[in-house]
Amino acid sequence: MNNRELADTFTLIADLLEIKGEIIYKTLAYRKAAESLAVLDRDAKAYWKEGTLREIPGVGEAIAGKIEELLKTGKLKFLTKLKKEVPPSLAEWLKVPGLGSKKVGLIWKTLKIKTLPQLEKAARAGKLRDLPGMGAKSEAAILAGIESLARRSGRIPLARAYPLALEIAAALKKVPGVVSAEPAGSLRRMRSDVGDIDILIAAAHSGAVMEAFTSLPGVARVLGRGETKSSVEFGDGVRAQVWVHPPERFGTALQYATGSKDHNVKLRELALKKGYSLSEHALKRTNGGSEILCATELEVYRTLGLPWIPPELREDHGEVEAARQGRLPRLIETKDIVGDFHIHTTGSDGRLSVLEMARAALKRGRKAIAITDHSVGLGIAGGLDIARHERQAEEIRRAQETLGGAITILHGSEVEIRADGTLDYPDEILAGLDLVVASLHTGLRQPREKVTARALKAIRNPHVDILAHPTGRLLPDREGADLDMEAVFAAAAEAGVALEINSHPNRLDLDDPHARRAKELGIPIAINTDAHSEEDLDRLFYGVSIARRAWLGKEDVINAWPVEKLLAWLKKR
DNA sequence: GCCGTTTTCGGCCCGACTGTTTTCAGTCG
Numbered sequence: 004m005n006n007r008e009l010a011d012t013f014t015l016i017a018d019l020l021e022i023k024g025e026i027i028y029k030t031l032a033y034r035k036a037a038e039s040l041a042v043l044d045r046d047a048k049a050y051w052k053e054g055t056l057r058e059i060p061g062v063g064e065a066i067a068g069k070i071e072e073l074l075k076t077g078k079l080k081f082l083t084k085l086k087k088e089v090p091p092s093l094a095e096w097l098k099v100p101g102l103g104s105k106k107v108g109l110i111w112k113t114l115k116i117k118t119l120p121q122l123e124k125a126a127r128a129g130k131l132r133d134l135p136g137m138g139a140k141s142e143a144a145i146l147a148g149i150e151s152l153a154r155r156s157g158r159i160p161l162a163r164a165y166p167l168a169l170e171i172a173a174a175l176k177k178v179p180g181v182v183s184a185e186p187a188g189s190l191r192r193m194r195s196d197v198g199d200i201d202i203l204i205a206a207a208h209s210g211a212v213m214e215a216f217t218s219l220p221g222v223a224r225v226l227g228r229g230e231t232k233s234s235v236e237f238g239d240g241v242r243a244q245v246w247v248h249p250p251e252r253f254g255t256a257l258q259y260a261t262g263s264k265d266h267n268v269k270l271r272e273l274a275l276k277k278g279y280s281l282s283e284h285a286l287k288r289t290n291g292g293s294e295i296l297c298a299t300e301l302e303v304y305r306t307l308g309l310p311w312i313p314p315e316l317r318e319d320h321g322e323v324e325a326a327r328q329g330r331l332p333r334l335i336e337t338k339d340i341v342g343d344f345h346i347h348t349t350g351s352d353g354r355l356s357v358l359e360m361a362r363a364a365l366k367r368g369r370k371a372i373a374i375t376d377h378s379v380g381l382g383i384a385g386g387l388d389i390a391r392h393e394r395q396a397e398e399i400r401r402a403q404e405t406l407g408g409a410i411t412i413l414h415g416s417e418v419e420i421r422a423d424g425t426l427d428y429p430d431e432i433l434a435g436l437d438l439v440v441a442s443l444h445t446g447l448r449q450p451r452e453k454v455t456a457r458a459l460k461a462i463r464n465p466h467v468d469i470l471a472h473p474t475g476r477l478l479p480d481r482e483g484a485d486l487d488m489e490a491v492f493a494a495a496a497e498a499g500v501a502l503e504i505n506s507h508p509n510r511l512d513l514d515d516p517h518a519r520r521a522k523e524l525g526i527p528i529a530i531n532t533d534a535h536s537e538e539d540l541d542r543l544f545y546g547v548s549i550a551r552r553a554w555l556g557k558e559d560v561i562n563a564w565p566v567e568k569l570l571a572w573l574k575k576r
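Taking our numbering, the leading residue of the first sequence gets 4, the next gets one more, and so forth.
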């Protein structure tokens with residue numbers, strides 16, 4: 004049982020306990036443990052073997068025991084019993100916007116129904132409106148929620164949400180009286196997918212902003228509209244909300260709206276210890292109640308005795324403690340990147356020639372690139388056979404001659420890791436390349452032992468420099484290969500092979516917990532665009548965001564090294 | 001159920017909006 008499955012199990016337990024009416028803090032404890040497991044950078048199994056399960060945040064005696072039982076037997080007696088008391092299908096109802104555990108429990112117990120279709124039928128038949136505390140409006144809201152659930156495919160990939168958020172913010176910035184408009188929430192923390200879009204507005208009055216927001220083009224439904232907060236749903240089910248706060252309170256408001264929830268809890272606890280109550284409106288002295296207004300986030304953190312914490316770190320993964328002790332990392336920035344070592348051209352499935360790609364990279368300030376077209380085995384992408392591959396060397400030589408010393412063009416390859424773990428080109432070809440990127444594209448569904456063995460074999464090939472998009476995941480739908488990541492890390496650390504953070508917004512692979520673990524083990528990281536066109540070169544920003552979420556500095560990333568250092572590293576390998 | 005530079009027991013962040021309410025509960029972030 005992997006971390007994801009463990010996390011899902013504890014989330015289910017929390018859902019069912021909450022519907023059952025268990026005290027809220029117990030259900031919160033299960034959710035906290037589930038969240039920790041979901042973002043854990045190593046297999047829970049490794050903690051179990053070491054006897055350190057309780058070092059996982061939110062895991063105490065009881066939950067550690069349950070993890071152990073799940074890892075040992077794949078089952079959990081506690082959950083089996085719970086499922087008999089509360090039908091597990093009810094957990095699905097909680098996903099319906101506007102439905103919480105209280106109403107779910109009420110409807111289930113009163114009407115004796117337990118599936119989503121039964122719920123929809125009951126709502127259509129007008130059977131919900133007569134329940135205590137409910138009326139025709141809540142019945143209609145539940146129906147609308149069920150329909151909205153069907154439209155939405157779940158979480159929104161950053162690649163869709165980020166441009167939309169910028170668009171909304173730009174539109175609202177134009178409203179008279181608006182001082183600033185900033186995306187907040189998980190999007191500002193650059194999570195690879197987000198639940199909804201949050202925009203924070205600084206303005207003295209909110210009326211005009213709310214009017215403009217709720218009538219934006221594409222808005223299908225207004226979910227709520229108030230003085231300080233409104234929310235809407237777009238046609239494709241994406242939800243957005245805005246908060247409006249006075250400019251002199253924008254700092255506390257933006258801090259609050261950026262989250263994460265757990266980070267805010269930590270901060271508010273710290274505030275209480277220092278004699279303040281922290282809310283989105285202000286810091287308030289607990290003795291006397293006078294307010295301290297913060298127009299910027301910097302003032303909020305400073306008042307609490309902390310340096311400003313970059314949004315990407317605000318996940319309650321130790322950043323508040325690090326800030327208190329003055330050991331926040333100096334995070335890598337997009338402007339630090341000088342190299343891009345995973346680029347395609349017309350040689351395989353790219354759109355531009357070597358020269359055109361090199362010019363485009365140069366225009367973006369890159370000082371070194373590697374041309375890494377697919378190898379012959381990936382027929383679908385027009386992989387290069389050995390003869391065509393060798394002819395490409397000439398194309399690269401001419402491009403280098405044309406551009407002179409402004410940019411270093413390396414001749415590389417994205418070489419397939421075959422089903423048996425061997426590479427797609429013979430060693431003598433690989434030996435002649437400047438840089439070798441190895442990738443898994445096929446056989447991703449192989450069992451853990453087999454697919455891991457392939458990755459390890461590739462890492463141990465002395466010619467391989469970078470393992471690209473290690474798990475092969477595609478957001479939002481395709482899960483990555485079931486790799487034993489600890490084994491991959493151990494092999495990469497030993498061989499000195501770099502692991503890639505692929506900047507394609509549907510990949511973002513390594514993800515941030517794995518990238519953070521790789522850094523801990525001293526493994527060099529490559530942030531590459533995997534560009535197939537000129538515009539693709541601009542998505543570097545997404546990869547850098549993942550690196551920042553993983554606490555990486557520029558020293559950890561080979562693309563940020565001076566070219567001489569990079570060349571020396573390649574030569575030594 | 002977890003956790004501790006206030007506590008090993010008694011807390012566990014704080015507020016907006018909606019609907020069904022005549023003072024509040026439920027949901028959400």
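Ideal placement from N, C-alpha and C gives every residue a C-beta, glycine not left out. Bear in mind that the values here come from a model prediction, so they are computed numbers and not experimental data.
Using only alpha-carbon positions, find the residue among V303, L502, E230, R551 that is nearest to D515.
-> Minimum Cα distance to D515 is reached at R551.
With a Cβ-Cβ cutoff of 8 Å, do I335 and L555 count as a contact?
-> If you check the CB distance, I335 and L555 come in under 8 Å.
Three or more C-beta pairs closer than 8 Å, one from the segment 560 to 576 and one from the segment 214 to 224: is that the case here?
-> No contact exists between the segment 560 to 576 and the segment 214 to 224.
Where P186 falls: helix, strand or coil (DSSP) = The three-state reading of DSSP puts P186 in strand, counting E and B together.
Three-state class that DSSP yields for G54 in the structure shown = Reduced to three states, the DSSP call for G54 is coil.
Distance, Cα to Cα, H248 vs S280?
-> For the pair H248 and S280, the Cα-to-Cα distance works out to about 18 Å.
Chain-order list of residues whose beta-carbon lies under 6 Å from that of D539 (same chain, five-residue window excluded) | Only T532 meet the Cβ criterion.
Which full runs of the alpha helix (DSSP H) of 4+ residues lie inside the segment 304 to 370, going along the chain?
-> Fully enclosed alpha helix (DSSP H) runs of 4 or longer: 322 to 327, 357 to 366.
Give the straight-line distance between the Cα atoms of R362 and K177, rounded to the nearest whole angstrom.
-> So the two alpha carbons sit approximately 36 Å from each other.
DSSP state of A207 mapped onto helix, strand, coil = The answer is coil: DSSP assigns A207 none of H, G, I, E or B.
Going by DSSP, name the residue or residues bridged to L387.
-> Per DSSP, the beta bridge partners of L387 are S378.
What's the C-alpha gap between L74 and W111?
-> C-alpha separation (whole angstroms): 32 Å.
H266 - containing alpha helix (DSSP H), residue span = 264 to 276 is the span of the alpha helix (DSSP H), which, as asked, contains H266.
Kindly list the residues whose CB is nearer than 8 Å to the CB of T289, restricted to its own chain and excluding five residues on each side of it in sequence; keep chain order.
-> L275, G278, Y279, S280, listed in sequence order.
Straight-line gap, G525 to E230 (C-alpha atoms, nearest Å) = Each residue's Cα considered, the two are about 50 Å apart.
Using DSSP with H/G/I as helix, E/B as strand and the rest coil, what is K177?
-> Coil at K177, not helix or strand.
Could you pull out every unbroken beta strand (DSSP E) segment of at least 3 residues lying fully inside the segment 64 to 91, listed in chain order?
-> Runs of the beta strand (DSSP E) lying entirely within the segment 64 to 91 and spanning at least 3 residues: none are present.
With a floor of 3 residues, list each beta strand (DSSP E) that falls wholly inside the segment 487 to 554, ordered by position along the chain.
-> Secondary structure within the segment 487 to 554: the beta strand (DSSP E) runs of 3 or more consecutive residues, fully enclosed, are 501 to 505, 528 to 531 (chain order).
Alpha carbon to alpha carbon, what distance is there between K124 and V42?
-> Between V42 and K124, the C-alpha separation is close to 38 Å.
Grouping DSSP H, G and I as helix and E and B as strand, with all else coil, what is L443?
-> If DSSP states are grouped into helix, strand and coil, L443 belongs with coil.
Going by DSSP, which residues form a beta bridge with W246?
-> According to DSSP, residue pairing for W246 in a beta bridge involves L203, K232.
Element boundaries [alpha helix (DSSP H), containing E417] | Element bounds for E417: not the alpha helix (DSSP H) but the beta strand (DSSP E), 411 to 419.
Exposed or buried, Y545, counting other C-beta atoms within 10 Å across all chains shown (16 or more means buried)?
-> Counting Cβ neighbours within 10 Å, Y545 comes out buried, since at least 16 surround it.
Integer Cβ distance of A458 from L447, believed to fall under 8 Å = Here A458 is actually not in contact with L447; their C-beta atoms are around 11 Å apart, not less than 8 Å.
L286: first and last residue of the uninterrupted beta strand (DSSP E) it sits in = Where L286 is concerned, the enclosing beta strand (DSSP E) stretches over 286 to 288.
By DSSP, does E482 sit in helix, in strand, or in coil?
-> Residue state, collapsed to three classes: coil.
Once you ignore the five residues that flank I27 on each side, which residues in its own chain have a CB closer than 8 Å to its CB?
-> Same-chain partners within the cutoff: E21.
Which residues in the same chain have their Cβ closer than 6 Å to the Cβ of G483, if we skip the five residues on either side of it in sequence?
-> Within its own chain, the residues whose Cβ lies closer than 6 Å to the Cβ of G483, once the five positions on either side in sequence are excluded, are T474, G475, R476, listed in chain order.
Please state whether DSSP places C223 in a helix, a strand or coil.
-> As written in the sequence, residue 223 is Ala, which differs from the Cys given in the question. In the three-state DSSP reduction, A223 falls in the strand class (E or B).
Keeping to the same chain, check which residues put their C-beta closer than 7 Å to that of I399; ignore five residues upstream and five downstream.
-> If the five residues before and after I399 are omitted, its C-beta is found closer than 7 Å to the C-beta atoms of V357, I374, I412, H414, all from its own chain and listed in chain order.
How many Å lie between A10 and G408 at the Cα?
-> Going by the C-alpha atoms only, they are around 52 Å apart.
Mind checking which residues open and close the beta strand (DSSP E) that includes L281?
-> Unbroken beta strand (DSSP E) run through L281: 279 to 281.
Own chain partners of E283 with C-beta closer than 6 Å, once the 5 adjacent residues on each side are dropped = Contacts found: T255, A256, Y259.
If you count every other CB in all the chains shown that lies within 10 Å of the CB of K106, and 16 or more means buried, which is it?
-> When all chains shown are included, K106 counts as buried.
Integer-rounded CB distance, given that K23 should sit under 8 Å from V89 = Indeed they touch by this definition, with Cβ atoms about 5 Å apart.
Where K69 falls, given that 16 or more other Cβ within 10 Å makes a residue buried = With 16 or more other Cβ atoms within 10 Å, it is buried.
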